[in-house]
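Going line by line, the protein sequences match chains Z and H.
For reference, each letter of the first sequence is one residue, going 0 to 294 in numbering that gives the first Met the number 0.
For reference, each letter of the second sequence is one residue, going 0 to 479 in numbering that gives the first Met the number 0.
Cβ coordinates follow ideal geometry from the N, Cα and C atoms, glycine included.
Below is one structure, written out as structure tokens, with a few remarks after it.
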Amino acid sequence: MFYIFLKRAAFFAGLLVVFLVGGYYVTSALNAGNRNFVLQNGARYLLVGHSHTACAVDPAIAKSVANFSASGESYLYMGAKVRKFVEANGSLKSVIIAISNNSVSKELDPWVASDFFLGYFMPRYYPLMSQPEKDTLFRENKSGYIYSLGKTALDNIFYAGYRYGRYSSVLGGFERLNGDIGKWEQSAAIRTPEAIPSDTVSSLNLQYLENMVQYLKDRDIRVILIRTPLHRSFWSRCKNEWLFQKVIHEQFSSVLFLDFKDFQLTDSDFHDPEHLNADGAGKFSRHLELVLEKI
Amino acid sequence: MLFNSLSYFLFLPAVFLLYWLVFNRSVSTRNLFLIVVSYFFYACWDWRFLFLLVFSTLLDYFSGLKIEACTTSFSRRMWLWISIGINLGLLLTFKYFNFFIDSFNSLLSQLRLPVSHWSLKVILPVGISFYTFHGLSYVIDIYYRRIRAERNFVTYSLFVSFFPLLVAGPIERATHLLPQLREPRKFNYEMSVDGLRQILWGLLKKVVIADKCAEFADPIFNNFTGYGGSTLFAGAVLFSVQIYCDFSGYTDIATGSAKLLGFNLLRNFNYPYFSRSIAEFWRRWHISLSSWFRDYVYIPLGGSKGGKFRTVRNTFVIFLLSGFWHGANWTFIFWGLLNALYILPSVFGGSNRQYLDIIAADKRYPTAKEALLVVRTFLLILIAWVFFRSETLSQAFSIVGRMFSRSFFEAPLLPNKAILLLACIPLFFLVEWLGRRDEYAIQRLSLNWSTYWRWTLYLFFSSLVIYFLGSKNSFIYFQF
Numbered sequence: 000m001f002y003i004f005l006k007r008a009a010f011f012a013g014l015l016v017v018f019l020v021g022g023y024y025v026t027s028a029l030n031a032g033n034r035n036f037v038l039q040n041g042a043r044y045l046l047v048g049h050s051h052t053a054c055a056v057d058p059a060i061a062k063s064v065a066n067f068s069a070s071g072e073s074y075l076y077m078g079a080k081v082r083k084f085v086e087a088n089g090s091l092k093s094v095i096i097a098i099s100n101n102s103v104s105k106e107l108d109p110w111v112a113s114d115f116f117l118g119y120f121m122p123r124y125y126p127l128m129s130q131p132e133k134d135t136l137f138r139e140n141k142s143g144y145i146y147s148l149g150k151t152a153l154d155n156i157f158y159a160g161y162r163y164g165r166y167s168s169v170l171g172g173f174e175r176l177n178g179d180i181g182k183w184e185q186s187a188a189i190r191t192p193e194a195i196p197s198d199t200v201s202s203l204n205l206q207y208l209e210n211m212v213q214y215l216k217d218r219d220i221r222v223i224l225i226r227t228p229l230h231r232s233f234w235s236r237c238k239n240e241w242l243f244q245k246v247i248h249e250q251f252s253s254v255l256f257l258d259f260k261d262f263q264l265t266d267s268d269f270h271d272p273e274h275l276n277a278d279g280a281g282k283f284s285r286h287l288e289l290v291l292e293k294i
Numbered sequence: 000m001l002f003n004s005l006s007y008f009l010f011l012p013a014v015f016l017l018y019w020l021v022f023n024r025s026v027s028t029r030n031l032f033l034i035v036v037s038y039f040f041y042a043c044w045d046w047r048f049l050f051l052l053v054f055s056t057l058l059d060y061f062s063g064l065k066i067e068a069c070t071t072s073f074s075r076r077m078w079l080w081i082s083i084g085i086n087l088g089l090l091l092t093f094k095y096f097n098f099f100i101d102s103f104n105s106l107l108s109q110l111r112l113p114v115s116h117w118s119l120k121v122i123l124p125v126g127i128s129f130y131t132f133h134g135l136s137y138v139i140d141i142y143y144r145r146i147r148a149e150r151n152f153v154t155y156s157l158f159v160s161f162f163p164l165l166v167a168g169p170i171e172r173a174t175h176l177l178p179q180l181r182e183p184r185k186f187n188y189e190m191s192v193d194g195l196r197q198i199l200w201g202l203l204k205k206v207v208i209a210d211k212c213a214e215f216a217d218p219i220f221n222n223f224t225g226y227g228g229s230t231l232f233a234g235a236v237l238f239s240v241q242i243y244c245d246f247s248g249y250t251d252i253a254t255g256s257a258k259l260l261g262f263n264l265l266r267n268f269n270y271p272y273f274s275r276s277i278a279e280f281w282r283r284w285h286i287s288l289s290s291w292f293r294d295y296v297y298i299p300l301g302g303s304k305g306g307k308f309r310t311v312r313n314t315f316v317i318f319l320l321s322g323f324w325h326g327a328n329w330t331f332i333f334w335g336l337l338n339a340l341y342i343l344p345s346v347f348g349g350s351n352r353q354y355l356d357i358i359a360a361d362k363r364y365p366t367a368k369e370a371l372l373v374v375r376t377f378l379l380i381l382i383a384w385v386f387f388r389s390e391t392l393s394q395a396f397s398i399v400g401r402m403f404s405r406s407f408f409e410a411p412l413l414p415n416k417a418i419l420l421l422a423c424i425p426l427f428f429l430v431e432w433l434g435r436r437d438e439y440a441i442q443r444l445s446l447n448w449s450t451y452w453r454w455t456l457y458l459f460f461s462s463l464v465i466y467f468l469g470s471k472n473s474f475i476y477f478q479f
């Protein structure tokens, strides 16, 4: 009976693996030909980044920009996405990449491969990632990677129909925020404390920004780094501006950097110290469109 | 090594194969192998506390032998109290030292006396409350001549350190587990399949339900001042479901793991949220602890024999002790007190032995009266859980006060996912209801289905577990 038990248990485990792996590959294959990464409406600029740009640039106003920023996204995942857009848009000449005081600091390294971020981003990006990128994630967090493999397979199976033909739409977009900084300050009691950018430089996250910049340069695509407007209260807790400037000047000196940190906005344009609300996004997007026309 | 971690998913099959295929020569070989893997399991938490586990094992092993060997009642009692004193001394030191110091300082401060602000940074050894109670029950049973002292040190060590129950129970009795450890074990197909099924159900409860509930309950309790009554009530409901699925899920995984190795552990949960009274709830919730306090505290104190006053006193003693056992915080003590107050009317009315059977045992649905009684019991327990979950008593009173304010009738401030989760919870309880006559809800749920559909159900459950597994949240009862 023991061997019958072993045989059946192994058969069940095998069935589960076949269901996960087979399901993943079948749904990936079905979706592969239909992942639409062609930029719509004549957008000339591809914008990628994390929540700062996701909330700041409304492509309905800045019409030359296709905003594919996503909250919490680190440069490793952005790089995978950018490659797909570049491959699908032969005429793409410029890519705008968000950079912030947070993204240069070490505190963002866990955004690459901590359990939470792996669980969130791997299911979305796994079909787009290169083997070295997968290896990095595995190296950084082995158990998290293995957990997320199962989740990735199931995610692709569950959402195969939903994502069919519009895969890129789950990889980012403009996030419309309501409410202003006054309300945000009132809600201080019910939110988690904001992360304070540390003054230790990122080792992992910035490496993938460099890789992305190099990839684009190799294809003669202009790279623009952008920092979106920040509320004055942000500076009271941010102590790593010197580090930010150092990274910009030493690591990315050859890249055009658009710094809008002091862009003139009122308190009512901010959702919180780092994110614009819909009103602020409207004003900033109009200004960005003018700036992009000039460069 | 958490039960819901990748390392345990590798550990358990490896132990299972080695146990049945390699270390199968004799009972002693098997037991020795289980001790080694149990110590390895425990060392994965913190190897330094292995010494404490070994010390506790040695203490109770030799105390047991001494108690049995003594010929005078004085020396028997002396050895018993030496064992109890050292066991409780260790527990008090590791678990309650800072609580006593802080409470003492707080008292001095209120009396405007000079306060010394010092405390030790004592780390709580995982499982200490559980294995200390294992050892205590063993020596007390020998003292009362319910069992003979175990001569085989390997067998006794395994009784204390058996990995499925080492860190959070069930709190086993020597009368129940020791005979199983002495007997030769033969592989039992049905028992092993049952064990796997129970592990799957436990994982589902922990990973899919408890951890999801925690995701929404935690922010509500942590930021309670920002929420109105309806949201706090929803938070309390979520926590009530969380703690049940967390702890009973843990127990299912522990029991299922033990079944794979040929052992039956004591039952710890029996669908407590289908209880019609508080007394019934306590016969169905954390049964191994409740029965421990009943057998080793309540009954030795006189139990219900000796008049109402003594019964009430004994009831308060065990509930306060039960609260204190959970942790060094006034919230736990108040939680125990509240439960004692809840149970008081049934003690006075003599109805605390009512509802010994399963609700609607031979029917499909409960009667309206039974349903109302279940809801009433759940609401009372829910209020008690607020005290259990809160950091301080003032926080708990504030939450309960807000819950019963006008803001209870406002729309709750909950994310859509939390509302979806709350909507799915009745589905879970429906499965529990269907399986309420069994040890765990899906024990016989699909047994008369065709293999195809049964395996489809298991594949679906496994997929849900894999999908939600990522966060690896610890079990609530590991802190006790």
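Cβ distance (whole Å) where residue i is taken to contact residue j below 8 Å
i, j, result
"Asp432 (chain H)", "Ser128 (chain H)", "It is Trp, not Asp, that sits at residue 432 (chain H) in the sequence shown. Not confirmed; about 32 Å, so no contact."
"Leu229 (chain Z)", "Glu273 (chain Z)", "6 Å"
"Gly194 (chain H)", "Leu259 (chain H)", "4 Å"
"Pro411 (chain H)", "Ala233 (chain H)", "5 Å"
"Val26 (chain H)", "Pro183 (chain H)", "5 Å"
"Asn177 (chain Z)", "Asp108 (chain Z)", "Going by Cβ atoms, the distance from Asn177 (chain Z) to Asp108 (chain Z) rounds to 31 Å, so no, they are not a contact pair."
Within-8 Å CB hit, residue i to chain Z
i, result
"Gly126 (chain H)", "no"
"Tyr451 (chain H)", "no"
"Tyr18 (chain H)", "no"
"Phe186 (chain H)", "yes"
"Ser485 (chain H)", "Residue 485 (chain H) is absent from the structure shown; chain H starts at 0 and stops at 479."
Residue-level contact to chain H via CB, residue i, 8 Å cutoff
i, result
"Ala112 (chain Z)", "no"
"Lys150 (chain Z)", "yes"
"Met0 (chain Z)", "yes"
"Ile3 (chain Z)", "yes"
"Ala65 (chain Z)", "no"
"Tyr76 (chain Z)", "no"
"Ala8 (chain Z)", "yes"
"Phe120 (chain Z)", "no"
"Tyr158 (chain Z)", "no"
"Tyr23 (chain Z)", "no"
"Gln146 (chain Z)", "Position check: residue 146 (chain Z) holds Tyr in this sequence, whereas Gln was assumed. Yes, Tyr146 (chain Z) counts as interfacial toward chain H."
DSSP state of residue i mapped onto helix, strand, coil
i, result
"Ser62 (chain H)", "helix"
"Ala42 (chain Z)", "coil"
"Ala188 (chain Z)", "Note that Ala188 (chain Z) scores 49 on pLDDT, short of 50, meaning its location in the model is unreliable and no value can be drawn from it."
"His230 (chain Z)", "coil"
"Ile208 (chain H)", "helix"
"Phe262 (chain H)", "coil"
"His285 (chain H)", "coil"
"Arg443 (chain H)", "coil"
"Ser325 (chain H)", "What sits at residue 325 (chain H) in the sequence shown is His, not Ser. Residue state, collapsed to three classes: helix."
"His248 (chain Z)", "helix"
"Val200 (chain Z)", "strand"
"Ser113 (chain Z)", "coil"
"His51 (chain Z)", "helix"
Contacting residues, own chain, Cβ-Cβ under 6 Å from residue i (five flanking each side not counted)
i, result
"Val16 (chain Z)", "none"
"Ile83 (chain H)", "none"
"Ser303 (chain H)", "Thr310"
Own chain, CB closer than 7 Å to residue i, minus 5 neighbours either side, in chain order
i, result
"Val296 (chain H)", "Val316, Ile317 and Leu320"
"Ser393 (chain H)", "none"
"Trp284 (chain H)", "Phe268 and Pro271"
"Ser99 (chain Z)", "His51 and Arg226"
"Ile398 (chain H)", "Phe223, Leu231, Val385 and Ser389"
Beta-carbon contacts of residue i that lie in its chain and below 8 Å, excluding the five residues immediately before and after
i, result
"Gln39 (chain Z)", "Ala65"
"Gly281 (chain Z)", "Asp57 and Ile60"
Practice item. Please list the residues of the segment 124-141 of chain Z that have a C-beta atom closer than 9 Å to any C-beta atom in chain H, keeping them in chain order. Key: Lys141
Exercise for review: Taking a Cβ distance cut-off of 9 Å, strictly less, list which residues of the segment 169-181 of chain Z are near chain H, in chain order.
Suggested key: Flagged: no residues at all.
**Study point:** Residues of the segment 384-400 of chain H whose Cβ lies closer than 8 Å to any Cβ of chain Z, in chain order
**Key:** none
**Study point:** Residues within the segment 20-46 of chain H neighbouring chain Z, beta-carbon criterion of under 7 Å
**Key:** none
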